[in-house]
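The block underneath contains the structure these notes are about, expressed in structure tokens.
Residue numbers (UniProt numbering): 1 to 449.
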């Protein structure tokens, strides 16, 4: 007797079957609106702009306030307890299927477990443990979303989240500009909306833009509302004045357009076009890398990427002191003390609280083991996404590709992989599990044949 069903990475559930049997628009489900509350918290990365109003000035520095990384107010701790408490309540009815999914996706679970284990060698064990447990809750929340909602309902849910984020952001920008505008840097009237930083606003709105293209809209009103949603999102991203956000948005559209074009070709033509594209991109990357200083000066930009290259060199010093295991999950930037203070003073940036590179950040936190697990996980999801792209034209394809693409691209840009309170990790886990489920379904169908 085959034991495939018992070892499936995504075991079947009564909840999912019932949702598929009677699909209902996500915005008509009470659970959707409850889920949007913690999703909004994750979208703004755990801190709404109104909470940072007192520090919304140039004195806070370009890279954020280091002291804020080590100090949490009682009110913020209460907010964290509230949002994760809501997540916990949503998870309770699904705990069996969530646990089963955890146990059958060991690679996905490895990195959160390493973060939890890092408590043993962390600079601040209590900090690492608390953030690791919250990350496990976020991971379980992503499993719940995939188990509870069909793929189409997930796109509706994220679109609704985007609408709520847009309404909140435009309200703050229009009525409370001291909060809705980013005054921390030398960009006059840069928009940040609900977010704590204009760059976060631009990057997260790129995530929330794509799902609406996966929806099958039947009426003229629905299509008109989609145009309005897209226009409002693009305007918000444009007004953030975030060059990083603009670049990511442009690259996302170029990537999706290129993948769509490539899909039209077959056999040798597809292979040839792929090889030519790789060659061109590689050549351009080498030229930019070798001549970046010259190109930056020609464009009127800082050759050090606004100090990022200096930061990357500086953080390698503490990394080499603990290369294998790091300093503990989210336990390196813990205020102006220890290695973090030494690193900040090395480059004369007292407010430094970020490695400005996703790979270096996880190396600081979880060492070379964490970096290895991250790359293995990224390699697997990329392979599954490419296989999914080759054989299907499902409405969710663009969303899956976007999440995988941004997960890789934002590492280079300076985002953090599996960082606490982030929607990026939620979306990554959701797409990973969706692709695994599709892979398992094909495997079972192949066995029947």
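Note that the Cβ used here is the ideal one computed from N, Cα and C, for glycine as well. Source: prediction; values computed, not measured.
Asked: Contacting residues, own chain, Cβ-Cβ under 7 Å from residue 323 (five flanking each side not counted); Found: 367, 368
Asked: Complete alpha helix (DSSP H) runs within the stretch 158-197 (minimum length 4 residues, chain order); Found: 177-180
Asked: Residue environment, residue 343, which counts as buried when at least 16 other CB atoms sit within 10 Å; Found: buried
Asked: Selection from 210, 365, 394, 73 that minimises the alpha carbon distance to residue 132; Found: 365
Asked: Cβ-based neighbour list, residue 38, same chain, cut-off 6 Å, excluding 5 preceding and 5 following; Found: 83, 86, 87
Asked: Distance CB(residue 36)-CB(residue 181) smaller than 7 Å; Found: no
Asked: Enclosing alpha helix (DSSP H) for residue 245 [first to last residue]; Found: 243-263
Asked: Endpoints, alpha helix (DSSP H) assigned at residue 135; Found: 125-148
Asked: Under 7 Å between C-beta atoms of residue 77 and residue 112; Found: no
Asked: Of the listed residues 199, 444, 395, 183, nearest to residue 454 (C-alpha basis); Found: Because the chain is modelled from 1 through 449, residue 454 falls outside the range shown and cannot be assessed.
Asked: Residue closest to residue 151, alpha-carbon to alpha-carbon, out of 50, 74, 108, 431; Found: 431
Asked: Given residue 260 as reference, the closest of 394, 321, 337 once Cα atoms are compared; Found: 394
Asked: Extent of the continuous alpha helix (DSSP H) run through residue 375; Found: 358-391
Asked: Bounding residues of the alpha helix (DSSP H) (the contiguous stretch that carries residue 106); Found: 106-117
Asked: Own chain residues within Cβ distance below 6 Å of residue 46, not counting five before or after; Found: 421
Asked: Coil, strand or helix - residue 347 by DSSP; Found: coil
Asked: Buried/exposed call for residue 451, threshold 16 Cβ in 10 Å; Found: Shown here, the chain extends from 1 to 449; a query on residue 451 therefore has no answer.
Asked: Exposure label - residue 217; buried when at least 16 CB within 10 Å; Found: exposed
Asked: Nearest-angstrom Cα separation, counted from residue 375 out to residue 92; Found: 32 Å
Asked: Beta-carbon separation (whole angstroms), residue 210 vs residue 398, contact threshold 8 Å; Found: 6 Å
Asked: Rounded separation between residue 64 and residue 249 - CA only; Found: The predicted model places residue 64 with a pLDDT of 46, which falls under 50 and marks its position as unreliable; any figure quoted below should be read in that light. Using only the alpha carbons, I get a separation of about 23 Å.
Asked: Rounded C-alpha distance that separates residue 411 from residue 313; Found: 16 Å
Asked: Proximity of residue 338 and residue 118 at Cβ, strictly below 7 Å; Found: no
Asked: Residue 66 versus residue 80 - alpha carbon distance; Found: Here residue 66 scores only 44 on pLDDT, less than 50, and its place in the model is too uncertain to base an answer on.
Asked: Helix, strand or coil at residue 121 according to DSSP, with G and I counted as helix; Found: coil
Asked: When 170, 204, 171 are compared against residue 158, the one with the closest alpha-carbon; Found: 204
Asked: 8 Å contact criterion, which residue 179 and residue 49 should meet: CB distance rounded; Found: 5 Å
Asked: Environment of residue 321 [buried if 16+ CB atoms lie within 10 Å]; Found: exposed
Asked: Among 423, 354, 435, the one whose alpha carbon lies nearest that of residue 392; Found: 435
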